[in-house]
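In what follows, a structure is listed as structure tokens, so that the remarks can point back to it.
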């Protein structure tokens, strides 16, 4: 993608005359309108590996690494902000920014989902992804979009566990 057109640009003068001017370098407009907020919430214990489940730890670490990469280049794909929250047991809902929490019922008890991706657009529509496979899919697609907008290497090496979920 070329930021500046490689040809002369015609501009209309104040009296309606047409002038031809060489394209002047200017601040390029972002390809996307900035209008999306995201928050990745992960279990702090899964991220740190203290639950003793190495597969879940690998997937959680990949989610965080993908989110960090997206946050670094967020302006290229129209994301205003991306927050990463590590939720510990007993945290009230875990949300930092976007007030949405996924719950389920297990054994007649309400259980809050500690790992989820929450997205909000400019019209306050919210999407919540509680499944790790869906979270990884959304995050990897965002990294793919970023790779199309920059010459920088934005690749994130996924663990075998994560690669299996997104394949």
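In my numbering, the protein residues as written are 3 to 169.
Even glycine gets a Cβ: it sits at the ideal position worked out from N, Cα and C.
For residue j and residue i, the rounded distance between their alpha carbons
i           : j           : result
residue 132 : residue 45  : 12 angstroms
residue 74  : residue 151 : 13 angstroms
residue 76  : residue 83  : 7 angstroms
residue 104 : residue 156 : 30 angstroms
residue 173 : residue 88  : This structure gives no information on residue 173, because the portion of the chain shown stretches from 3 to 169.
residue 59  : residue 67  : 12 angstroms
residue 142 : residue 158 : 9 angstroms
residue 40  : residue 120 : 6 angstroms
residue 47  : residue 55  : 10 angstroms
residue 111 : residue 130 : 21 angstroms
residue 32  : residue 148 : Low confidence applies to residue 32: its pLDDT is 43, below 50, so where it sits in the model is not reliable, and the reading given next is rough at best. Between residue 32 and residue 148, the C-alpha separation is close to 12 angstroms.
residue 135 : residue 168 : 6 angstroms
residue 161 : residue 139 : 14 angstroms
residue 137 : residue 114 : 17 angstroms
Residue i, enclosing beta strand (DSSP E) - first and last residue
i           : result
residue 105 : 105 to 108
residue 158 : It is not in any beta strand (DSSP E) - residue 158 carries neither H nor E in the DSSP assignment.
residue 100 : Looking at the DSSP string, residue 100 is not in any beta strand (DSSP E), and its letter there is neither H nor E.
residue 131 : 128 to 131
residue 118 : 118 to 122
Exposure of residue i, with buried meaning 16 or more beta-carbon neighbours within 10 Å
i           : result
residue 182 : In this structure the chain extends from 3 to 169, so residue 182 is not present and cannot be described.
residue 126 : exposed
residue 154 : exposed
residue 37  : exposed
residue 122 : buried
residue 124 : exposed
residue 69  : buried
residue 164 : buried
residue 146 : exposed
residue 117 : buried
residue 107 : exposed
residue 52  : exposed
Residue i - DSSP class collapsed to helix/strand/coil
i           : result
residue 146 : helix
residue 49  : helix
residue 153 : coil
residue 77  : helix
residue 24  : The pLDDT assigned to residue 24 is 43, lower than 50, so where the model puts this residue is not dependable, and the model offers no usable value.
residue 31  : Because residue 31 sits at a pLDDT of 42, beneath the cut-off of 50, its placement in the model cannot be relied upon, and the following sentence gives the value as read from the coordinates. Coil.
Identity of the residues DSSP links to residue i by a beta bridge
i           : result
residue 83  : 39
residue 62  : Looking at the DSSP assignment, residue 62 forms no beta bridge with any residue, so it has no partner.
residue 111 : 108
residue 44  : 88
Residue range of the alpha helix (DSSP H) that includes residue i
i           : result
residue 168 : 162 to 168
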